[in-house]
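Printed below as a string of structure tokens:
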């Protein structure tokens, strides 16, 4: 907390708090006709289609305030929702943010949280148009709803993949999970000895993947530019394995995923080695990478093959062939939604 | 809980739970193109304007599961959001429901909660199109976002009232608050002696106002039928006093509210007397009545004067005259957002 003044929320009241949190909002999107300040926001999407997604984050389950700065939390809670809109090949325009807080939070703490929300809005060109700020008996809960738009013909669902389509992923995987493992290790050390300084050097990338992830709006823009419409798409919030199974189930296909093709950063592998975790597990089941997983028809391969943002990691098959990980040793292991190596 | 079987959520898993909760959903609205099952819902409002509102409810603050049945809670959490859409003179079409639960809740308990959500969707013709079901360390948190639509020219904001407009309210006020007082009294008795049966006879109306409120979609339909467009409107969630001040502030007017005009039910007054509470306080500051407070131009008076759903409770004035309660004794007392008798 940079600001050392701590004002009790009861001193400013609910309406005073809302005014402090929303006074600097400037509307950026044509489709936002009325933001905060009435019973509802008013939007106009004209002839475009509207996409809506929402998530709920609770303290102690989705985040630990021992090592997650409030500003990062505000930023991330917006970004993870934007990611769902990009996964539809659409563009986010508005968000609604609901927050429940216990009395342990000061006005300044809430402002710090909101500074992250505003920063994400700024970066992604999204308008904060409403929300509820209320009390909780314990801890912090955040609910974010995001609204986006696109032309009907641009929308990409989970259900359009066909056998032989290429399975592709953006960026690299497993980093957010390894960043979390590192933060938890250092938090345990800190709990034993408060004078210990956390050992985080050399791991800035995976820490940022965990604490300040970005949503791949740049990819949606790139698709448009290079003239690709994926046949199916989903964002990676729960881990590659689970997301692939969603695509296969919704598209009624199987798939072959190649272990040696899964993109992983050097820091991810190094941290995994340090903690004796198989990095493949981080990629398959770690989650929170917020990369896009999508399928394209084979004819589109030329358009993406030289772009380092994209990696072809497998291909779709007939549903009867199942969903398989082809290991480096060449054997096929069935993927499992809750972890391919579950029960071993 | 009718169903005595108690299944742990961990037995069915997150995806299993979502499937149980959403399997019977049938889409009712043309504007709902795709509901649950992808990264986002897909909606199409064509040339209509879109209104969005959202609320967060937390256990122990907004509801007490000691005396609020889960089905009622699910119902009410939807209704209070629909009320915001009606307050814009619009029609709700879709909702998104996020729920965080601690492990004390069984699958059957969540289904009971959702049965209330589904019942409200059924009654108000709204589609449940998405949401998040997740864990919490303690208690239950519900976040509902509702999306509605109307033609641009129908929208009513808080800001359109003019001096001399009539201030009107639907239904009666203070009932939900007195219902809550009754439930809390009986809960205290029960905590002292578990064998005591609650004394609720003769108070069915105020109990229903608290436990199973309705949103006034019928009024929005009536406005259309009788050809009225209010000059401003808000729903009564925080109490009459606070809502009047919102209309006055947003419209830059003052108002005179007449004590003797405020509609209250017999049960509300009787319970107030029994508990030695001034019923006026229940109406002004109690909240949760979910009636509509609106202003109309004087020329429209003829259209509403014989309708028992509407009561004229005052009129708007120049902003310099302030926001006043004209008491039965004829004196003017300034309204206060946190209660007109605050600090006395």
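Protein chains in written order, with UniProt numbering: chain A, 1 to 344; chain B, 1 to 344. Note that CB positions come from ideal geometry on N, CA and C, so glycine has one too.
Q.
Which residue wins for smallest C-alpha separation from residue 4 of chain A, given the options A:330, A:107, A:296?
A. Within the first chain, residue 4 of chain A is the residue found at index 4, counting from 1. Nearest of A:330, A:107, A:296 to residue 4 of chain A, Cα basis: A:107.
Q: List the DSSP bridge partners of residue 96 of chain B.
A: In the second chain, the residue the question calls residue 96 of chain B occupies position 96. B:130, B:145.
Q. Name the chain B residues whose beta carbon is nearer than 9 Å to that of residue 96 of chain A?
A. As a working mapping, residue 96 of chain A is identified with position 96 in the first chain. 52, 53, 54, 145, listed in chain order.
Q. Which residues mark the beginning and the end of the beta strand (DSSP E) in which residue 53 of chain A is found?
A. Here residue 53 of chain A refers to the residue found at position 53 of the first chain. Element bounds for residue 53 of chain A: 49-58.
Q) Taking 8 Å as the CB-CB limit, is residue 158 of chain B close to chain A? A) In the second chain, counting from the first residue as 1, residue 158 of chain B sits at position 158. Yes, residue 158 of chain B counts as interfacial toward chain A.
Q) Is the CB of residue 38 of chain B under 8 Å away from at least one CB in chain A? A) Position 38 of the second chain, counting from 1, holds the residue named residue 38 of chain B. At least one CB atom of chain A sits nearer than 8 Å to the CB of residue 38 of chain B.
**Q.** Any C-beta of chain B under 8 Å from that of residue 49 of chain A
**A.** As a position in the first chain, residue 49 of chain A is number 49, starting the count at 1. Taking Cβ atoms only, chain B reaches closer than 8 Å to residue 49 of chain A, which makes this a yes.
Q: Thinking residue 268 of chain A and residue 206 of chain A are a contact (beta carbons under 8 Å), I'd like their distance in whole angstroms, please.
A: Taking the first chain and counting its residues from 1, one reaches residue 268 of chain A at position 268. Taking the first chain and counting its residues from 1, one reaches residue 206 of chain A at position 206. Indeed, because the Cβ distance is near 6 Å, the residues count as touching under 8 Å.
Q: Can you have a look at residue 298 of chain A and say buried or exposed, based on whether 16 or more other CB atoms are within 10 angstroms of its CB?
A: Taking the first residue of the first chain as position 1, residue 298 of chain A is located at position 298. Exposed, since its Cβ has fewer than 16 Cβ neighbours within 10 Å.
Q: With distances taken Cα to Cα, identify the nearest neighbour of residue 130 of chain A among A:136, A:244, A:98, A:241.
A: Reading the first chain from its first residue, position 130 is the one you call residue 130 of chain A. The residue with the shortest Cα to Cα distance from residue 130 of chain A is A:98.
Q: Would you mind working out which of B:274, B:214, B:172 sits nearest residue 72 of chain B, comparing C-alpha positions?
A: In the second chain, the residue the question calls residue 72 of chain B occupies position 72. Closest option to residue 72 of chain B, Cα to Cα, is B:214.
Q. Apart from the five residues on each side of it in sequence, which residues of its chain come closer than 6 Å, Cβ to Cβ, to residue 51 of chain B?
A. If you number the second chain from 1, residue 51 of chain B lands on position 51. Closer than 6 Å at Cβ, skipping near neighbours: 85, 88, 90, 148.
Q: For the alpha helix (DSSP H) holding residue 75 of chain A, just list the boundary residues, first then last.
A: For the purposes of this step, residue 75 of chain A is identified with residue 75 of the first chain, where counting begins at 1. Secondary structure note for residue 75 of chain A: its alpha helix (DSSP H) is the uninterrupted segment 70-86.
**Q.** 8 Å Cβ cutoff, residue 334 of chain A in contact with chain B
**A.** Translated into positions along the first chain, residue 334 of chain A becomes position 334. For residue 334 of chain A, the answer is no, since every Cβ of chain B falls outside 8 Å of its Cβ.
Q. Of all Cβ atoms in chain B, is any one closer than 8 Å to the Cβ of residue 109 of chain A?
A. Here residue 109 of chain A corresponds to residue number 109 of the first chain, with the count starting at 1. No, no contact with chain B.
Q: Compare the C-beta of residue 294 of chain A with all C-beta atoms of chain B and state if any pair is closer than 8 Å.
A: Locating residue 294 of chain A in the first chain gives position 294, counting from the first residue. Chain B, which has no Cβ nearer than 8 Å to the Cβ of residue 294 of chain A, makes this no.
Q. So, are the CB atoms of residue 180 of chain B and residue 124 of chain B less than 8 Å apart?
A. Counted from its first residue, the second chain places residue 180 of chain B at position 180. Counted from its first residue, the second chain places residue 124 of chain B at position 124. Judged by their CB atoms, residue 180 of chain B and residue 124 of chain B are not nearer to each other than the 8 Å cut-off.
Q | Check whether residue 236 of chain A and residue 257 of chain A have beta carbons under 8 Å apart | A | For this step, residue 236 of chain A is matched to residue 236 along the first chain. For this step, residue 257 of chain A is matched to residue 257 along the first chain. Their beta carbons are not under 8 Å apart, which means residue 236 of chain A does not touch residue 257 of chain A by this criterion.
Q. If the cut is a Cβ gap below 7 Å, which residues of chain B does residue 131 of chain A touch?
A. What you label residue 131 of chain A is simply residue 131 of the first chain in a count that begins at 1. What residue 131 of chain A touches in chain B: 54.
(Q) Let me see if you follow: with CB-CB separation under 8 Å, is residue 61 of chain A close to chain B or not? (A) As a position in the first chain, residue 61 of chain A is number 61, starting the count at 1. Judged by the 8 Å Cβ criterion, residue 61 of chain A is in contact with chain B.
Q) Given 8 Å as the limit, is there contact between the region 155-168 of chain B and the region 304-324 of chain B, that is, 3 or more CB pairs closer than that? A) yes
Q) Is residue 22 of chain B near residue 12 of chain B, with beta carbons less than 8 Å apart? A) To locate residue 22 of chain B, count along the second chain from 1; it is residue 22. To locate residue 12 of chain B, count along the second chain from 1; it is residue 12. For residue 22 of chain B and residue 12 of chain B, no; Cβs fall outside 8 Å.
Q | Backbone CA spacing between residue 19 of chain B and residue 287 of chain A [nearest angstrom] | A | As a first step, residue 19 of chain B must be located in the second chain, where it is residue number 19. As a first step, residue 287 of chain A must be located in the first chain, where it is residue number 287. Going by the C-alpha atoms only, they are around 21 Å apart.
Q) Which residues in the same chain as residue 289 of chain B place their Cβ atom closer than 6 Å to its Cβ, once the five residues preceding and following it in sequence are excluded? A) What you label residue 289 of chain B is simply residue 289 of the second chain in a count that begins at 1. Excluding residues within five positions, the ones whose Cβ falls inside 6 Å are 173, 176, 236.
Q: Note down the Cα distance separating residue 187 of chain A from residue 198 of chain A, rounded to an integer number of angstroms.
A: As a position in the first chain, residue 187 of chain A is number 187, starting the count at 1. As a position in the first chain, residue 198 of chain A is number 198, starting the count at 1. In this structure, the CA atom of residue 187 of chain A is about 8 Å from the CA atom of residue 198 of chain A.
Q) For the candidate residues A:260, A:230, A:134, whose alpha-carbon lies nearest to that of residue 301 of chain A? A) Position 301 of the first chain, counting from 1, holds the residue named residue 301 of chain A. Comparing Cα positions, the closest option is A:230.
Q.
Quick check: is the beta carbon of residue 139 of chain B nearer than 8 Å to any beta carbon in chain A?
A. Against the second chain, residue 139 of chain B aligns to sequence position 139. For residue 139 of chain B, the answer is yes, since a Cβ of chain A falls inside 8 Å of its Cβ.
Q: Note down, in chain order, every chain A residue with its Cβ under 8 Å from the Cβ of residue 88 of chain B.
A: Taking the second chain and counting its residues from 1, the one referred to as residue 88 of chain B is at position 88. Chain A residues near residue 88 of chain B: 38, 39, 40, 42.
Q) With distances taken between CB atoms, is the gap from residue 144 of chain B to residue 55 of chain B smaller than 8 Å? A) In the second chain, residue 144 of chain B corresponds to position 144, counting from 1. In the second chain, residue 55 of chain B corresponds to position 55, counting from 1. Cβ distance < 8 Å, so residue 144 of chain B and residue 55 of chain B count as in contact.
(Q) Please tell me whether residue 241 of chain B has its Cβ less than 8 Å away from any Cβ of chain A. (A) On the second chain, residue 241 of chain B is found 241 positions in, with the first residue counted as 1. No, its Cβ sits nowhere closer than 8 Å to a Cβ of chain A.
Q) How many angstroms separate the CA atom of residue 59 of chain A from the CA atom of residue 65 of chain A? A) The residue labelled residue 59 of chain A in the question sits at position 59 within the first chain. The residue labelled residue 65 of chain A in the question sits at position 65 within the first chain. Straight-line Cα distance between these residues: approximately 7 Å.
**Q.** Under the three-state DSSP convention, the category residue 313 of chain B falls into
**A.** The residue you call residue 313 of chain B lines up with position 313 of the second chain. In the three-state DSSP reduction, residue 313 of chain B falls in the strand class (E or B).
Q | Touch test, the region 245-255 of chain A against the region 150-165 of chain A, Cβ-Cβ under 8 Å, three pairs minimum | A | Verdict: yes, contact present.
Q: List the residues that DSSP assigns as beta-bridge partners of residue 42 of chain A.
A: Here the question's residue 42 of chain A lines up with position 42 in the first chain. Answer is A:34, B:51, bridged to residue 42 of chain A.
Q: Provide the residue(s) that pair with residue 301 of chain B in DSSP beta bridges, ordered along the chain.
A: Against the second chain, residue 301 of chain B aligns to sequence position 301. In the DSSP output, where bridge partners are listed per residue, residue 301 of chain B has none listed.
Q.
If distances are taken between C-alpha atoms only, which option among A:152, A:80, A:260 comes closest to residue 43 of chain B?
A. Residue numbering aside, residue 43 of chain B sits at position 43 when the second chain is read from its first letter. Comparing Cα positions, the closest option is A:152.
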